[in-house]
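Taking it in order: structure first as structure tokens, then the write-up.
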Amino acid sequence: MAYDPADLKLPGWLLRVLDLLIAIRIPLGRGWRLGFTRPGFVFFSALVGLWAAALYSGNNLLYLSGAMITAISVAALLQTRHILKSFPDPASMLPQLQQGDVTIVRREGELLFPAAAVVAIQWCYDDGDFSLLGRCEAGRLSLQGRIQAQRRGLYRCNSLRLSSAAPLGLFLLELQRGDSGEIVVMPEPVSWQAEGLNASAASNELRFGGDEWHDLRLYTPGDALSQVHWRKASGELSDWRVKRFAFDAAQRPESVLRVDLRMPAHAEAAAFERLLGRVWFWVLEQRGDSTLFLGQEQFAVTASMQSGALQRAIAAAVPETSPAAGDGGLLLAVSDER
Amino acid sequence: MSADLRHDAALLRAERLTLAVLLCGVAALALSDFVSPFYWLLSAVAATLRLWRGPSLHLSEMQASIVGWLGFGWVILELVFGRELIVAFTDFLLILSFAIVVEAATPRNHLHRMLVGLFLVLAAAVLTDSVLYVVPLLLMMWFLWRAAACLYSINWPGGDLPAVPVRKEGGWMLLMVAITALLFVALPRFEFHSLLKGTQPRLQTSGFSDLVQLGDFARTLDSRVVMRVEPLDDSADGIKQFRRWAVGRYWRGAVLSRFTGHGWQKVAGRHQFQIAAGKDLVVADGNKLSLALYREASDHAYIQLPEGLLRIKDIPEAIHFDGAAAAQFARAPSRRLRLLMDVAMAAELKGTGRPQHRERERDKIPDELRRWLQPFVASGEAPEVLLERIASELRGWEYDLNAAIDAERPITSFLRLKSGHCELYATTMALAARQLGFASRVVNGYLGGDWNEVGNFLQIRALHAHSWSEVWLAGSWQRIDATPSLRDGLLDLQFPTLDQLWESARLGWYRYVLEFQNSDRLNFLTSLWQSVRLYSNWLLAAALTIGVMLLLGRSVAQLRLRLRRPQREQLCSELDRWLRRRGVVRQPYQPLRHADLPEGVAPEQWNGFVQQWETACYGSGRLWKKHDLQRHLRALLKSY
Chain A
3 MAYDPADLKL PGWLLRVLDL LIAIRIPLGR GWRLGFTRPG FVFFSALVGL
53 WAAALYSGNN LLYLSGAMIT AISVAALLQT RHILKSFPDP ASMLPQLQQG
103 DVTIVRREGE LLFPAAAVVA IQWCYDDGDF SLLGRCEAGR LSLQGRIQAQ
153 RRGLYRCNSL RLSSAAPLGL FLLELQRGDS GEIVVMPEPV SWQAEGLNAS
203 AASNELRFGG DEWHDLRLYT PGDALSQVHW RKASGELSDW RVKRFAFDAA
253 QRPESVLRVD LRMPAHAEAA AFERLLGRVW FWVLEQRGDS TLFLGQEQFA
303 VTASMQSGAL QRAIAAAVPE TSPAAGDGGL LLAVSDER
Chain B
30 MSADLRHDAA LLRAERLTLA VLLCGVAALA LSDFVSPFYW LLSAVAATLR
80 LWRGPSLHLS EMQASIVGWL GFGWVILELV FGRELIVAFT DFLLILSFAI
130 VVEAATPRNH LHRMLVGLFL VLAAAVLTDS VLYVVPLLLM MWFLWRAAAC
180 LYSINWPGGD LPAVPVRKEG GWMLLMVAIT ALLFVALPRF EFHSLLKGTQ
230 PRLQTSGFSD LVQLGDFART LDSRVVMRVE PLDDSADGIK QFRRWAVGRY
280 WRGAVLSRFT GHGWQKVAGR HQFQIAAGKD LVVADGNKLS LALYREASDH
330 AYIQLPEGLL RIKDIPEAIH FDGAAAAQFA RAPSRRLRLL MDVAMAAELK
380 GTGRPQHRER ERDKIPDELR RWLQPFVASG EAPEVLLERI ASELRGWEYD
430 LNAAIDAERP ITSFLRLKSG HCELYATTMA LAARQLGFAS RVVNGYLGGD
480 WNEVGNFLQI RALHAHSWSE VWLAGSWQRI DATPSLRDGL LDLQFPTLDQ
530 LWESARLGWY RYVLEFQNSD RLNFLTSLWQ SVRLYSNWLL AAALTIGVML
580 LLGRSVAQLR LRLRRPQREQ LCSELDRWLR RRGVVRQPYQ PLRHADLPEG
630 VAPEQWNGFV QQWETACYGS GRLWKKHDLQ RHLRALLKSY
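Just so you know, the protein sequences line up as chains A and B, in that order.
Basically our numbering = 1-based index in the first sequence + 2.
Basically our numbering = 1-based index in the second sequence + 29.
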């Protein structure tokens, strides 16, 4: 915005007072709040002075001037209200985010009306918020900003706070909208190869659930007791091991991944995140028809990727108490992280 | 500084708009009669040059500041040399606006222009009352809106915002005008009579003072309107009745009793009383006709009282009223006033007091007049009859505003020429009455007026000023007007219809804007309602035509939008229509999966459909055609 009382070289204390005043938001009800910009506060003060002069003197031309300036203010507020009320849901325009990465958002959309406005978007979730700018210009909306999500998850929007000083830059109108959109933040993909476990190689070798003994893994509550290697077990639950057998089937086991979402005792949360990172890596690697058992849920990878259901499931995954559903295929579990 | 340079290109786009805001203020102030044309022309010419040559023609901030300070010094000098404070103040404002016009376009300069432009409009609200004030006010509304929007739109991250097309702003402008009118009518008025009341230069009028030299009265008879009178009952009957009442009506102002030999002097009456502001002046009771009189600010304090006056209601400022039926404000008002009066068709407004000693004085009567009267006296007729004969004789003489009257001996000169103006006729008649033994005096006021056919009101101009005599006959003061009737027809306008239109607009401005009061609100709404009823057919037709045109325009716009809108938007509209038919209203920003379950659809089927919809619309699936969507929706209903 190109005009500001600071340009008039006002004394510093006056500007500080102005800054205090423009921080005030006046609740108007139904989620609307009104504030002022610096020039807006000067404008409003002038308007109050003008009305005081008009009411005191009864000079009808001062009434007319006051009514004209008030009409400008009312029209500006109505236009801002119109812009904010019809502002589209920004969540539907946001890209898929990844944990820890800074995502530069530049998305274009359509507006139902022509406007020249910049709307500040504050997308609030449980313990934080994302901030973006929406530029409305000539019937187009462009979302701009940088978003960095520190953790994986399904960020459900508690409230969407939109604010704009358009069209005149005098009044700041704020709308808190109870949107129920969500932003999906995926885990950072963990390459299996990076840990010496090439995905394609693993898909040929790791075929659990068959008859041939393969290795031992940590016991996870819910494992069948018949599979516990009792001779290596001690009194400590964390020392228990479970026998794994390689799958020996003729079908394409690499097209099935079963993810066991149970958390072994004393396992760290980071291990669970790494597990999901591996799962996400595996999903991204898939090109054909594949099936993913994420805990108890089953997903046809291609279809559910298209609908976004799989991403939401991975982003929202939490430790479970039941073993992975389904039979055959590759089995990933937190205990593999050791 | 470098930041300023970086933004220069963007700021220059606002140059013309902020200049227009400032010029609106200058134009508003230029309407005031207190403003010297030289000073407002200075700003106007500088702005024109700047618009023509572009912003390259500018002074630096420092140079413009020096111009401002020099202007301040110049105005101080003006004051020292006796210029009126209010005129010097407007001079300073206009020099300041000149300095801002020629200053370089910077953010500060844009702010200066808008603030000063606004201040000039507000100053003009106090210093002018012209109907033309509405023009710069409306233009300022538009330019202020556009200029502020333009300044808002620049210097954003990602570049400047493009301006909204002018045609898209027309609706907002209409809305602002409507809100302005609504606020103006609805807000309450409080009368504290402060300095901020509108003020205007007083019209100079001769002959309405307490000491008048013969030849002074109505020295400049021009067509300036000094009073406008309209009936409060604006029905056809009310206007007809008022017009009948107004024809040839005498409006009395100064009542002068003492003849000085060269003129007349007012003598303070025995019965004089003061009436405070807000009170009523009650003269008599009777069947009344209510009227509103708009009195221009004049350099005299007299209120012109019509014959037949019953009452003046809610007097705006304190007045003195005396036994000679003359009313004066405590001091000459510096603004236009509205006086609400009740008058009767027939009643005569006369002085109530008995004649004073001064009204019988004969010592200053010129000898020529005495000699001129001798033939009348010699006839031996009764004095009352003689009075009538003298008046008839005088009415047969010639009315001439430019008669070569000797200023030293005006009556002698008048009797010799048998030609002169009303003041001489009235003086001669009054002195003749005294010579015959009657008390007499001269009244200066107005006679008649011309009827405005456009606005249906009476206009009383400076040239309608008139002088007549009053004689104490049979225990009361009787008016004797000895002036020939050829006095009529002084008005000579080149464009009478245009003049009537202009005067009508001015009266409308005074009535509905300048003099609008709390009591007018109901009248205004009532007359508005009557007008609506009167023109209801036309209004209905106009509303229907506009409605149909708007509907057509909207349909065409929607069609164009639909043709240009992406397919996905069309599918969303189709789906939303289908949802509404099944009791679900979805907000434009609401994802489908959060919408309620439509009536007649199984939850499982609906969840499946939502997944397919999102895949098709937002996922990587093929976007549906309209018939695909319809097929899916039909399937949903069948599955239930």
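Beta carbons: idealized from backbone N, C-alpha and C, even for Gly.
Everything numeric in this text was worked out from a predicted model, so none of it was measured.
Two segments are said to touch when three or more pairs of C-beta atoms, one from each, lie closer than 8 Å; by this definition the segment 420-429 of chain B does not touch the segment 381-394 of chain B. Proximity to Ala128/B across Ala117/B, Pro136/B, Gly100/B peaks at Gly100/B, based on C-alpha coordinates. For Pro191/B, the neighbours in chain A by C-beta distance under 9 Å run, in chain order, Ala118, Glu139, Ala140. Close CB contacts of Gln507/B within its chain, under the 7 Å cut and outside five residues either way in sequence, are with Glu499, Val500 (chain order).
Residue contact check for Ala133/B against chain A: no CB pair falls below 8 Å. The C-beta separation of Val255/B from Ile489/B comes to about 6 Å, placing the pair in contact by the 8 Å criterion. The CB of Lys197/B comes closer than 8 Å to the CB of Pro116 in chain A, given here in chain order. At a cut-off of 8 Å between beta carbons, Thr72/A contacts chain B.
Contact annotation: Gln546/B and Arg364/B have beta-carbon atoms that are not nearer than 8 Å. When C-alpha distances from Gly282/B are compared across Ile304/B, Ser327/B, Asp62/B, the shortest belongs to Ser327/B. Non-local C-beta neighbours of Leu48/B in its own chain, meaning closer than 8 Å and more than five positions away in sequence, comprise Ala76, Arg79, Leu80, Val130, Arg142, ordered along the chain.
DSSP places Arg508/B within a strand segment (E or B) once states are collapsed to three. At a Cβ-Cβ threshold of 8 Å, Leu125/B and Gly54/B do not count as neighbours. Not a single CB atom of chain B sits nearer than 8 Å to the CB of Tyr157/A. Neighbourhood of Arg218/B in chain A, by CB distance below 7 Å: Gly60, in chain order. Taking a contact as a CB-CB distance under 8 Å, the pair Leu60/B and Thr119/B does not count as one, their CB atoms being some 11 Å apart. For Val186/A, the enclosing beta strand (DSSP E) stretches over residues 184-188. Residue-level contact check: Gly37/A does not touch chain B, since none of the beta carbons of chain B fall below 8 Å from its beta carbon.
Going by DSSP, Tyr65/A is part of the alpha helix (DSSP H) stretching over 62-87. When 7 Å is used as the limit between beta carbons, Asp131/A is near no residue of chain B, the shortest such separation being about 18 Å. Within the segment 153-224 of chain B, the runs of alpha helix (DSSP H) at least 4 residues long that lie entirely inside it are, in chain order, 163-181, 195-215. The residues Pro169, in chain order, have a CB closer than 6 Å to that of Gln81/A in the same chain once the five nearest residues on each side in sequence are set aside. The Cβ atoms of Asp262/A and Ala318/A lie no closer than 8 Å to each other. Ala311/A is a Cβ neighbour of Phe301/A, given a cutoff of 8 Å.
If you draw a 10 Å sphere on the C-beta of Phe67/B, you find fewer than 16 other C-beta atoms in it, and that means exposed.
For Gly474/B, the uninterrupted beta strand (DSSP E) segment begins and ends at 469-476. Ser602/B and Met578/B have their C-alpha atoms roughly 25 Å apart. Note on geometry: alpha-carbon atoms of Ser286/B and Ala503/B lie some 19 Å from one another.
By the CB criterion at 8 Å, Ser166/A and Val120/A fall inside the cutoff. Around the Cβ of Arg540/B, a 10 Å sphere holds 16 or more other Cβ atoms; the residue is buried. Trp531/B sits in a helix when the DSSP states are folded into three classes. Partner residues in the beta bridge of Trp480/B, as assigned by DSSP, are Leu487/B.
Contact check between the segment 261-270 of chain B and the segment 330-338 of chain B: fewer than three CB pairs, one atom from each, fall below 8 Å, which does not count as touching.
Burial check for Phe115/A: the Cβ neighbour count within 10 Å stays below 16, so the residue is exposed. Beta bridge pairing from DSSP links Ala433/B with no other residue. Here Ser72/B is near Leu123/B, since their CB atoms are less than 8 Å apart.
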